[in-house]
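J.: Please read through the structure below; I'll follow up with questions.
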Amino acid sequence: MIQKLSYSLLFCVFLLLNHHCATATLNYADALEKSILFFEAQRSGQLPPNQRVTWRGNSGLSDGSSNQVDLVGGYYDAGDNVKFGLPMAFTTTMLAWSVIEFGNMMSGQLDNARAAVRWGSDYLLKAATATPDSLYVQVADPNQDHRCWERPEDMDTPRNVYRVTAQNPGSDVAAETAAALAAASIVFKDSDSAYSAKLLQAATKVFDFANRYRGSYSDSLNSVVCPFYCSYSGYHDELLWGASWLHHASENTSYMSYIQSNGHTLGAEDDDYSFSWDDKRVGTKVLLSKEFLQNRIDALQVYKVHSDNYICSLVPGSNGFQSHYTPGGLLFKGSDSNLQYVTSTTFLLLTYAKYLTTNGGSISCGSTTVPAKDLISLAKKQVDYILGQNPAGTSYMVGFGNQYPLHVHHRGSSLPALRDHPGRISCNDGFQYLYSGSPNPNLLVGAIVGGPDSGDGFSDDRNNHRQTEPATYINAPFVGALAFFAGNPNIWH
Ligand SMILES: *[C@@H]1O[C@H](CO)[C@@H](O)[C@H](O)[C@H]1NC(C)=O
């Protein structure tokens, strides 16, 4: 009791020193709701009657028609109008993982979170099943899309369709798609078992395709996926990640055999610390640690050991620490969309803490032990920083708190909505809005932007895409993290 009391006192003193004591209580439930709402603004396709982001309209309604397939729907990745398969699949996996781990803490937001998963999985299901032995992985050529600043509702750039096949393989994008479909099948297991079974069946097939025809989509489709979502980490990480999700989603023992026979070759022992749309290694380790902690399968201990190494790299003062934090306390991995790494790391901290707490277990950093509560406090610090408790005093979630970015690098948000400006705004005419100093006319509520630099500095400039562009994969893991704190508002007391 006394220990707990001094803990929260210390916290308040810390906040006083930073002049933020007044904002000590953040409304995590509000942030959670907004983080999910953002996905409605990224929707492509025919919008449903219950669409809440009403400044958006239908778009991309003939996507796929050039190849006589239906590729309508899915998400735009960020501030442009391209549908990129690799980040969309990763986004869907992380939304699904958020629901799987923390859905019971979402209270009123669970249905909205499931709808966000489904908007992704519906599209991925089409992309995976439209043509046998191939997977559609992208709609639109980003080189052409980026030459325009257009609303998705009146874009007129070519909607070229790209796919991977046996001859032009893409094991990275295919295995990530398998992971997304498998994770989504877990989300819908009870609420819609027929849909869940369909997702699992498609996941099984697309994983088999990924594994059988090996290669990176960066080689097969280089000019349209690089440098945008080039698979820098190759495809080994996705194969192991996809197999791990299929193991979780199915009762088929062949995936555990696959993990045990191929884990070593596919990166089980690599210590790489950037969990992102590109690199799945540390996510796989945390996911398989659960299996180790629950069932004590000796062959999986390696994943727990390397998850521990990852945690040690993050916790200041522990043996193995090797991360950078800004003076204000934000994890810093790089100046281009840094918050994507912060949200993904935060999610893994909380998920690992949950696995350890549920199954009994602790983290070894050399001779010292890190308790699960330290992971939660580090995660909380990152979440609170993003929501406004930082030296700049600004929230990096649009529409949350009193101060947040107003010049977000996002076509739909920065151009006037159709209802305010029904006439089309052409490719080149749109650029005046990119370069204008006025705030975005449509508030992109819930979007988390790229975020501040290594010195906690942030320039709210629409053309500063490294800092002001949002992305679905920044938000997706944050949905789970926010659910955790919304469900445990008194974690400090
Ligand atoms: C398990 O998965 C393997 C690989 O996809 C497949 O060949 C096998 O038929 C599956 N077994 C069952 C019982 O579904």
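Counting with mature numbering (1 follows the signal peptide of the UniProt record, and there is no 0), you get residues -24 to -1, 1 to 469 for the letters of the sequence shown. Here a beta-carbon is modelled for each residue, glycine too, at the ideal position from N, C-alpha and C.
What first and last residue would you give for the beta strand (DSSP E) that runs through Arg139?
T.: Going by DSSP, Arg139 is part of the beta strand (DSSP E) stretching over 137 to 141.
J.: Going by DSSP, what residue range makes up the alpha helix (DSSP H) through Thr444?
T.: 441 to 444
J.: In its own chain, which residues sit with a C-beta less than 6 Å from the C-beta of Phe164, not counting the 5 before and 5 after it?
T.: Residues of the same chain with a CB within less than 6 Å of the CB of Phe164, apart from the 5 flanking positions on each side, are Tyr171, Ser172 in chain order.
J.: On the three-state DSSP scale, how would you describe Thr107?
T.: coil
J.: Is the CB-CB distance between Arg32 and Leu13 below 8 Å?
T.: no
J.: Please indicate yes or no: does the CB of Ser161 lie closer than 7 Å to some heavy atom of ligand 1?
T.: no
J.: On the three-state DSSP scale, how would you describe Lys256?
T.: coil
J.: Mind checking Leu458: buried by the 16 CB within 10 Å criterion, or exposed?
T.: buried
J.: Skipping 5 residues on each side, what residues in its chain have a beta carbon closer than 7 Å to that of residue 537?
T.: Residue 537 is absent from the structure shown; the chain starts at -24 and stops at 469.
J.: In the DSSP assignment, what are the bridge partners of Gly21?
T.: Ser35
J.: For Gln270, which of Thr333, Val318, Leu101 has the nearest alpha-carbon?
T.: Thr333
J.: What residue range is occupied by the uninterrupted alpha helix (DSSP H) comprising Ser340?
T.: Counting along the chain, Ser340 falls outside any alpha helix (DSSP H), though it belongs to the beta strand (DSSP E) covering 339 to 341.
J.: I think Glu214 touches Ala151, with their Cβ atoms under 8 Å apart; what is that distance to the nearest whole Å?
T.: 4 Å
J.: Return yes when the Cβ of Met81 is within less than 8 Å of the Cβ of Gly463, no when it is not.
T.: In this structure, Gly463 lies near Met81, with their beta-carbon atoms less than 8 Å apart.
J.: Counting only runs that start and end within the segment 38 to 71, where is the alpha helix (DSSP H) found for 4 or more residues in a row?
T.: none
J.: Among all the DSSP beta bridges, which residues are the ones paired with Gln298?
T.: None; Gln298 has no bridge partner.
J.: Give the straight-line distance between the Cα atoms of Val196 and Phe407, rounded to the nearest whole angstrom.
T.: The identity of residue 196 in the sequence shown is Ser, whereas the question assumes Val. Inter-residue distance for Ser196 and Phe407 is about 32 Å (C-alpha atoms, whole angstroms).
J.: Below 8 Å on the Cβ atoms is my contact criterion, and I expect Cys403 with Cys124 to pass it. Report the Cβ-Cβ distance as a whole number of Å.
T.: 4 Å
J.: Let's see if you can read the secondary structure: which residues bound the alpha helix (DSSP H) around Val200?
T.: Unbroken alpha helix (DSSP H) run through Val200: 198 to 201.
J.: If we ignore side chains and look at the alpha-carbon of each, how far apart do Thr322 and Leu290 end up?
T.: For Thr322 and Leu290, the distance between alpha carbons rounds to 10 Å.
J.: Which two residues bound the contiguous alpha helix (DSSP H) that contains Thr334?
T.: 315 to 335
J.: Counting only the same chain and skipping the five closest in sequence on each side, list residues whose C-beta sits under 8 Å from that of Gly296.
T.: By the criterion of a C-beta distance shorter than 8 Å, Gly296 is surrounded in its chain by Asn285, Cys288, Ser289, Cys341, Gly342, once the five residues flanking it on both sides are discounted.
J.: Under a Cβ-count criterion, where at least 16 other Cβ atoms within 10 Å of its own Cβ denotes burial, should residue 472 be classed as buried or exposed?
T.: Here the chain covers residues -24 to 469 and nothing more, so residue 472 does not appear.
J.: Is it buried or exposed for Leu242, if we count other Cβ within 10 angstroms and need 16 for buried?
T.: buried
J.: Within the present structure, is the beta-carbon of Ser220 separated from the nearest heavy atom of ligand 1 by less than 7 Å?
T.: no
J.: Please list, in chain order, all residues with a C-beta atom less than 6 Å from at least one heavy atom of ligand 1.
T.: Thr180, Asp184, Asn228, Ser230
J.: Go ahead and label Gln358 buried or exposed: buried means 16 or more other beta carbons lie within 10 angstroms of its beta carbon, across all protein chains shown.
T.: buried
J.: Which residues in the same chain as Tyr208 place their Cβ atom closer than 7 Å to its Cβ, once the five residues preceding and following it in sequence are excluded?
T.: Result list for Tyr208: Asp254, in chain order.
J.: So Arg387 packs on Arg127, CB below 8 Å; how close in whole Å?
T.: 6 Å
J.: For Arg158, which option in Ser167, Ser194, Gly218 has the closest C-alpha, if you only look at C-alpha atoms?
T.: First, the amino acid is wrong: residue 158 is Ala here, not Arg. The closest CA to that of Ala158, considering only Ser167, Ser194, Gly218, is found on Gly218.
J.: Check Tyr112 in the structure and name its three-state DSSP category.
T.: It is a strand residue.
J.: Considering only C-alpha positions, which residue in the set Leu419, Arg400, Pro398, Pro428 is nearest to Tyr361?
T.: Pro428
J.: Could you give the distance in angstroms between the alpha-carbon of Tyr211 and the alpha-carbon of Asn119?
T.: 24 Å
J.: Could you name the residues of the same chain whose beta carbon sits closer than 6 Å to that of Thr319, not counting the 5 residues immediately before and after it, in chain order?
T.: Ile450, Pro453, Phe454
J.: Beta-carbon separation of Gln18 and Tyr51 under 8 Å?
T.: yes
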